[in-house]
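Structure first, commentary second.
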Amino acid sequence: MSCWQTVQDYAFRSLGYGERLLPRSDFTLCEQVTLIGSGMIWNIYFGLFALISGFFLAVLVALGKASPLFWVRKPSEWFVFIFRGSPLFIQFFFAYFLFLSFRQADVGLGWLTNAWAGALVVLFLNTAAYSAEIFYGALQSIPKGEVEAADAYGLSGWKRFRRVVFPTMLRLGWPAYTNEAIFLFHATALVFFTGFPAQQQRGDALYYANYFADKTFNPFVPYPILAVFFILMTLAIIGVFSLINTRLNRHLPQQKRPKLRIRPQIIR
Amino acid sequence: MAFYASFGTVLLLLAVTAPLALAFGFAGAAAARSALLPLRWFGKSYIAIVRGVPDIAFFLFFVIALDQFFEWIRHQALCPDWDQPIRQGNDFVVCAAAKLPLNTAPQWMHEGYGFFLAVLTFAIVFGAFSANVLFGAMRAVPLAQMETAAAYGMSTRQSFWRILVPQMWVYALPGLSNLWMVLIKSTPLLFLLGVEDIVYWARELGGTKTSRFTDYPHGDWRMWYFLGLLVFYLAFTKISEIVLDRLTRRLNHGQATSGGEKLRRAAA
Chain A
209 MSCWQTVQDY
219 AFRSLGYGER
229 LLPRSDFTLC
239 EQVTLIGSGM
249 IWNIYFGLFA
259 LISGFFLAVL
269 VALGKASPLF
279 WVRKPSEWFV
289 FIFRGSPLFI
299 QFFFAYFLFL
309 SFRQADVGLG
319 WLTNAWAGAL
329 VVLFLNTAAY
339 SAEIFYGALQ
349 SIPKGEVEAA
359 DAYGLSGWKR
369 FRRVVFPTML
379 RLGWPAYTNE
389 AIFLFHATAL
399 VFFTGFPAQQ
409 QRGDALYYAN
419 YFADKTFNPF
429 VPYPILAVFF
439 ILMTLAIIGV
449 FSLINTRLNR
459 HLPQQKRPKL
469 RIRPQIIR
Chain B
32 MAFYASFGTV
42 LLLLAVTAPL
52 ALAFGFAGAA
62 AARSALLPLR
72 WFGKSYIAIV
82 RGVPDIAFFL
92 FFVIALDQFF
102 EWIRHQALCP
112 DWDQPIRQGN
122 DFVVCAAAKL
132 PLNTAPQWMH
142 EGYGFFLAVL
152 TFAIVFGAFS
162 ANVLFGAMRA
172 VPLAQMETAA
182 AYGMSTRQSF
192 WRILVPQMWV
202 YALPGLSNLW
212 MVLIKSTPLL
222 FLLGVEDIVY
232 WARELGGTKT
242 SRFTDYPHGD
252 WRMWYFLGLL
262 VFYLAFTKIS
272 EIVLDRLTRR
282 LNHGQATSGG
292 EKLRRAAA
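Protein sequence lines, in the order shown, are assigned to chains A and B.
Per this note's numbering, the very first residue in the first sequence carries number 209; after that it's consecutive.
Per this note's numbering, the very first residue in the second sequence carries number 32; after that it's consecutive.
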């Protein structure tokens with residue numbers, strides 16, 4: 209079987225298209241690369257949607273955390289503390305069994321036990337909490353002069369937020385947010401290793417890498433392939449985010465623009 | 032009962048891993064700023080590789096890889112007259128005397144070995160993270176301090192141990208305390224490594240029990256067990272936060288940093 213044939217069979221295996229049976233013996237390098245790459249579709253799906261939806265909630269929570277109102281501030285603080293203070297791993301497990309009990313209680317939320325929805329919800333809340341903390345920090349470090357200038361121009365309320373506070377917050381928080389995005393994508397690898405089952409062996413990249421490592425007893429091939437895929441994705445994220453970074457800082461003189469420095473540090 | 036003991040497993044893992052990872056990190060950081068080129072390359076690439084890849088892939092990879100590595104070394108040492116290849120197709124075969132742990136060993140040896148592998152993996156991964164923190168901290172120590180040491184006629188080794196190492200901790204502490212939080216949160220990954228930790232027992236005990244097998248039949252309680260774990264981790268994080276805050280105050284005392292300055296002002 210030629211490599212191209214393998215690609216045709218397995219490129220969308222993780223979504224349920226193409227060949228149904230996974231290869232069982234005589235694994236070729238091509239099969240491993242294709243299947244692990246096919247699993248990456250899930251990682252990208254989870255990462256992308258959680259990141260985009262989480263962004264909006266994060267801004268809201270960050271504003272809530274900075275709010276002077278007690279009943280707005282406390283819930284935001286607790287939200288951030290709960291999701292940042294406990295392991296994502298446990299969050300996945302808890303959420304899965306919570307959704308499972310929804311299904312048994314038949315309240316119409318049973319579809320959340322599917323990985324594509326349930327895991328996305330958990331990742332969404334998790335990344336919202338982490339980014340809210342980042343944006344909160346950025347909000348605190350907005351130069352006093354900029355807000356005062358906005359006041360002097362007679363901007364207030366929504367207009368001041370839209371034109372002054374929000375862009376500056378985004379600009380200041382962006383390097384840290386890039387880091388968060390990278391780690392969100394790394395965290396997507398956890399999905400099929402926690403409660404959420406992979407139906408009909410449609411899993412993410414790590415699921416397939418683990419499958420091959422289990423079958424061949426040789427971790428030295430699938431895991432490096434997985435690592436290369438993740439590094440490629442990390443590079444893509446850095447590329448996109450640095451474009452946005454340039455755009456956010458376009459009003460600053462060249463040498464004053466902050467560079468994106470990637471500091472991978474976080475495990476959740 | 033085993034459920035409560037598994038909390039002990041987690042605490043033991045933390046107690047053993049944290050110093051070990053710190054030692055790995057110290058060695059890595061010292062290697063990365065060594066004057067010898069190969070040693071420097073080794074230190075830097077250790078830091079770079081481990082930080083670039085999702086941690087969970089590393090956890091899955093290292094456990095098998097280390098296991099095979101140890102068995103391979105014992106195989107070379109113990110069975111010199113073994114003529115078959117070690118990798119036979121998809122199987123990894125070593126002679127019976129080189130098996131780790133020995134097939135005849137009691138059960139606790141197997142569990143202990145699994146735990147040992149887990150600790151080593153954690154130490155390698157977190158060692159890289161802490162190496163990065165310590166490397167940064169060593170560079171943050173004011174150059175004037177090192178120059179003064181040289182002016183007093185200290186050798187490189189003396190100034191490293193007497194000036195650099197005592198002073199770097201205050202710079203390293205924010206990073207290290209962050210790392211400690213992350214380490215707490217990554218302990219449930221033990222479950223993936225096959226150690227019977229709290230996640231394992233929560234799944235086992237929480238599952239539906241019928242009166243046929245146990246005196247205490249109950250429905251699916253896994254959700255509540257995981258809620259308990261969530262609370263356990265949150266409480267642990269909170270306590271660590273408080274302790275680390277105190278430690279920071281202690282270390283800042285009398286240091287030539289803004290934190291130390293603030294303490295001095297407050298006292299005066």
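For every residue, glycine included, the Cβ atom is placed at its ideal position computed from N, Cα and C.
Given the structure is predicted, the values throughout are model-derived calculations rather than measurements.
Locate the alpha helix (DSSP H) running through Pro351 (chain A), then write down its first and last residues.
-> Unbroken run through Pro351 (chain A): none, as it is neither H nor E.
Please confirm if Tyr231 (chain B) has its CB atom under 7 Å from at least one CB of chain A.
-> no
Extent of the continuous alpha helix (DSSP H) run through Thr268 (chain B) | Arg253 to Asn283
Cβ pair Leu165 (chain B), Ala60 (chain B) closer than 7 Å = yes
Which chain A residues sit within Cβ distance under 7 Å of Pro219 (chain B)?
-> Pro295, Phe297 and Ile298
N-terminal and C-terminal residue of the alpha helix (DSSP H) that Lys367 (chain A) is part of = Gly365 to Arg368
Beta-carbon neighbours of Arg253 (chain B), restricted to chain C and to distances below 7 Å | No chain C is present in this structure, whose protein chains are A and B.
Which whole runs of the alpha helix (DSSP H) in the segment 289–355 of chain A are 4 residues long or more, in chain order?
-> 296–313 and 323–348
So, is the C-beta of Tyr264 (chain B) closer than 7 Å to a C-beta in chain A?
-> yes
Taking Cβ-Cβ distances shorter than 9 Å, what residues in chain A pair up with Thr268 (chain B)?
-> Phe289, Arg292, Gly293 and Ser294
List, in order along the chain, the chain B residues whose C-beta lies closer than 7 Å to that of Ala444 (chain A)?
-> Here the premise fails: no neighbours, minimum Cβ distance about 14 Å.
Does the Cβ of Gln99 (chain B) have 16 or more other Cβ atoms within 10 Å, making it buried, or fewer, making it exposed?
-> buried
Per the contact definition of three or more C-beta pairs closer than 8 Å, is the segment 348–367 of chain A in contact with the segment 293–313 of chain A?
-> no
Leaving out the 5 sequence neighbours to the left and right, which residues in its chain are closer than 8 Å to Ile445 (chain A) when beta-carbon positions are compared?
-> Thr386, Ala389, Ile390 and Phe393
Closest by C-alpha distance to Gly353 (chain A), when choosing among A:Ala337, A:Pro405, A:Phe263 and A:Thr376 | A:Thr376
Nearest chain A C-beta to Ala49 (chain B) closer than 7 Å, yes or no?
-> no
Give a yes or no on whether the minimum CB-CB distance between Phe92 (chain B) and chain A is below 7 Å.
-> yes
Option nearest Ala49 (chain B) by Cα separation, candidates B:Leu261, B:Arg253 and B:Ser208 | B:Ser208
So which residues on chain B does Pro466 (chain A) lean against when the C-beta distance must stay under 7 Å?
-> Here the premise fails: no neighbours, minimum Cβ distance about 18 Å.
Pro405 (chain A) CB to nearest chain B CB: under 7 Å?
-> no
Please check if any C-beta of chain B sits within less than 7 Å of the C-beta of Phe301 (chain A).
-> yes
Which first and last residues belong to the alpha helix (DSSP H) in which His141 (chain B) is found?
-> Gln138 to Ala171
DSSP on Ala63 (chain B), reduced to helix/strand/coil?
-> helix
Answer with buried or exposed for Leu174 (chain B), where buried requires no fewer than 16 other C-beta atoms within 10 angstroms of its C-beta.
-> exposed
Inter-residue Cα distance where the pair is Thr218 (chain B) and Arg458 (chain A) = 43 Å
Near Ile452 (chain A), which residues of its chain fall below 8 Å by C-beta distance, leaving aside the five closest residues on each side in sequence?
-> Trp382
With C-beta atoms as the reference, is Tyr415 (chain A) less than 7 Å away from Gly247 (chain A)?
-> yes
When we look at the beta-carbon of Ala413 (chain A) and count the other beta-carbons within 10 Å, is it buried (16 or more) or exposed?
-> buried
Other residues of its chain near Leu216 (chain A): CB distance less than 8 Å, five sequence neighbours each side excluded | Checking the sequence, you will find Gln at residue 216 (chain A) rather than Leu. Closer than 8 Å at Cβ, skipping near neighbours: Gly226.
Whose C-alpha, out of A:Cys238, A:Glu341, A:Leu229 and A:Gly411, is nearest the C-alpha of Ser210 (chain A)?
-> A:Cys238
Considering only C-alpha positions, which residue in the set B:Met169, B:Ala182 and B:Ile215 is nearest to Val196 (chain B)?
-> B:Met169
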